[in-house]
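Asker:
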């Protein structure tokens, strides 16, 4: 009982480790669970234009933040003739172009290009604000209107969020009250300026969000702004034009806070415009492209760091645990007889090389002819090493003959002859011939047929697109298969074939009991 308990503990640990690794790669690194999954990758280009004044130039552009709702997979900058540096201040990243002497151009253009996956689930909240809200400076003439509007909104709202929605609704209404109209006129019809003053007098922490409204094929787009308030431990976003609550599904956050998006020293009439286009890219490619430090360490210590040729080898080898699970289940639980424990796996691998439709008849023909030749060689009293070597040479000759015949008949799929299936077939012939001598032809047919059936079932699972995808992209799932094999391996009850074999005895016993 102690050994069985230890086995279950080991199996549970293996399963947990394997599943945890797969879930981590799926949820944190973005590796897809299903083949064919794709993601939309947005290519965004910001174009900065300004007129030089002749003074030294310094251009600073805010870059997407770490708390953004986009995962950057690539970015590049054009800085010909300019010094260039990327630096961080808190959570905000900046790009800075510098040049001592202004070029002799009327307009200077600088570009920043990035590829990003828009994903609202990656959005993380910035830090909570500290201290009290500082009241913004107001004109003496507008303070009475601000007070009246603030009192009215406070009476009609229950929370900070409802206060903000009512405020934006009043500021954007067509039929504005006298106080609202006056406040807007004093602030040059800037809704956000009036909203900031009301929120500061209400004591609500707020900030702006600059970002892009994603639209495929859009050119010369300007950034948009959202209003964000801090209430009950969370930041809540609002559309300042409609008062709609929540972050729009197509909005990519670029910058949080009141810091300017673009600063230009040594230039006039500066502006920044955005162009965007979307492409569909396989999800696994996107996951491999992401510039994440924890992912880079994972990839460096995995099969993804191997050359492509070696990755192809492991893509086949990682399918073997599936075949092993099939063999263990069919032999221990079902009770199918096979020629050897893992000979069906080797046959299934041979079918992967040749294809099932071409490999199955070729296997039967080559093994059948090989058994006849092996039967003849046994009368020559050869030693085992010489006998197996002779069988290998005969198998190569047979496969060459069948390949030439299939080529002449136009059956191209039957020409898939490799070194690996040749050795498998030779060893299968040797094992079956030994079984023929020891147990007789009946057991050869019985075990050979069982091996072929198990191999076909294993081949079907090993060539399944989902299984191939999971085993290669999540090799840690092999630990789950190992756990299942360990659990099945301790089963010592009746097999399904034995229950079917002794079914008459069970029925007779029930009849006697009645």
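Numbering (the numbering used here), first residue to last: 38 to 551. Every residue, glycine too, gets a C-beta built ideally from N, C-alpha and C.
(1) Is the beta carbon of residue 302 closer than 8 Å to that of residue 94?
(2) So for residue 133, helix, strand or coil by DSSP?
(3) Looking only at its own chain, which residues have a Cβ that is under 8 Å from the Cβ of residue 404, when we skip the five neighbours before and after it?
(4) Tell me the DSSP secondary structure of residue 443 in three-state form.
(5) Report yes if the C-beta distance between residue 311 and residue 83 is below 8 Å; otherwise report no.
(6) Using three-state DSSP, classify residue 366 as helix, strand or coil.
(7) Taking the straight line between their C-alpha atoms, what separation do you get for residue 52 and residue 130?
(8) Check whether the Cβ atoms of residue 491 and residue 319 lie closer than 8 Å to each other.
(9) Could you tell me if residue 328 is buried or exposed, where buried requires 16 or more neighbouring beta carbons within 10 angstroms of its beta carbon?
(10) Using C-beta distances below 7 Å, list every residue in its chain close to residue 247, excluding the 5 sequence neighbours before and after it, in chain order.
(11) Quick one: what's got a C-beta closer than 7 Å to residue 330's C-beta in the same chain, skipping five residues either side?
(12) Which residues does DSSP list as the beta-bridge partners of residue 195?
(13) Using the C-alpha atoms, what's the distance from residue 67 back to residue 410?
(14) Starting from the N-terminal side, write out each stretch of the alpha helix (DSSP H) that is 4 residues or longer and does not extend beyond the region 227–282.
(15) Go ahead and pull the three-state DSSP assignment for residue 71.
(16) Could you check which residue in 152, 146, 88 has the C-alpha nearest to that of residue 101?
(17) Look up residue 311 in the DSSP assignment and say whether it is helix, strand or coil.
(18) Relative to the alpha-carbon of residue 203, which residue among 215, 212, 214, 190 has its alpha-carbon at the smallest distance?
(19) Starting from residue 415, follow the alpha helix (DSSP H) in both directions and report where the run begins and ends.
(20) What ranges does the beta strand (DSSP E) occupy inside the region 283–309, keeping only unbroken runs of at least 3 residues that lie completely in it?
(21) Go ahead and pull the three-state DSSP assignment for residue 99.
(22) Kindly say whether residue 304, judged by its beta-carbon, lies nearer than 8 Å to any beta-carbon of chain D.
(23) Tell me whether residue 515 sits in a helix, a strand or coil according to DSSP, three-state version.
(24) When DSSP labels each residue in this structure, what does residue 164 get in the three-state scheme?
(25) Taking residue 96 as the reference, give the member of 284, 139, 230 with the closest Cα.
(26) Beta-carbon within less than 7 Å of residue 108's beta-carbon, same chain only, minus the 5 sequence neighbours each way: which residues are those?
(27) Just how far apart, CA to CA, sit residue 120 and residue 111?
(28) I'd like to confirm the pairing. Which residues does DSSP put opposite residue 214 in its beta bridges?
(29) Any idea what DSSP makes of residue 539, helix, strand or coil?
(30) So for residue 328, helix, strand or coil by DSSP?
(31) Using the three-state DSSP reduction, which class does residue 175 fall into: helix, strand or coil?
(32) Count the other CB atoms within 10 Å of the CB of residue 144; is the residue buried (16 or more) or exposed (fewer)?
(33) So, using beta-carbon positions, are residue 532 and residue 364 closer together than 8 Å?
(34) Just tell me which of 271, 493, 430 has its CA closest to the CA of residue 375.
(35) Looking only at DSSP bridge pairs, what is residue 149 linked to?
(36) To which residues does DSSP link residue 76 through a beta bridge?
Answerer: Short version:
(1) yes
(2) strand
(3) The residues are 462, 465, 466, 469, 485.
(4) helix
(5) yes
(6) helix
(7) Straight across, the Cα-Cα distance linking residue 52 with residue 130 is about 41 Å.
(8) no
(9) Any reading at residue 328 is ruled out, since the residue's pLDDT is 48, under 50, leaving its predicted position unreliable.
(10) Correct list, in chain order: 260, 262, 291, 292, 298.
(11) Its pLDDT being 41, under 50, residue 330 is placed unreliably by the model, and the measurement read from it follows with that caveat. No residues qualify anywhere along the chain.
(12) According to DSSP, which records beta bridges pairwise, residue 195 is partnered with nothing at all.
(13) 55 Å
(14) 228–239
(15) coil
(16) 152
(17) For residue 311, the secondary structure class from DSSP, reduced to helix, strand or coil, is strand.
(18) 190
(19) 393–415
(20) Secondary structure in the region 283–309: the beta strand (DSSP E) runs of 3 residues or longer, each lying completely within the stretch, are 288–293, 299–302 in chain order.
(21) Note: residue 99 maps to strand in three-state DSSP.
(22) Protein chain content of the structure displayed is limited to a single chain, and chain D is not contained in it.
(23) helix
(24) Look at residue 164 here: in three-state DSSP terms it is coil, with no helix or strand label.
(25) Closest option to residue 96, Cα to Cα, is 139.
(26) The residues are 153, 154, 156, 159, 327.
(27) 21 Å
(28) DSSP links residue 214 through a beta bridge to no other residue.
(29) coil
(30) Low confidence applies here, because residue 328 scores a pLDDT of 48, under 50, leaving its location unreliable and the question unanswered by this model.
(31) coil
(32) exposed
(33) no
(34) 493
(35) 83, 114
(36) Note: residue 76 sits in a beta bridge opposite 318.
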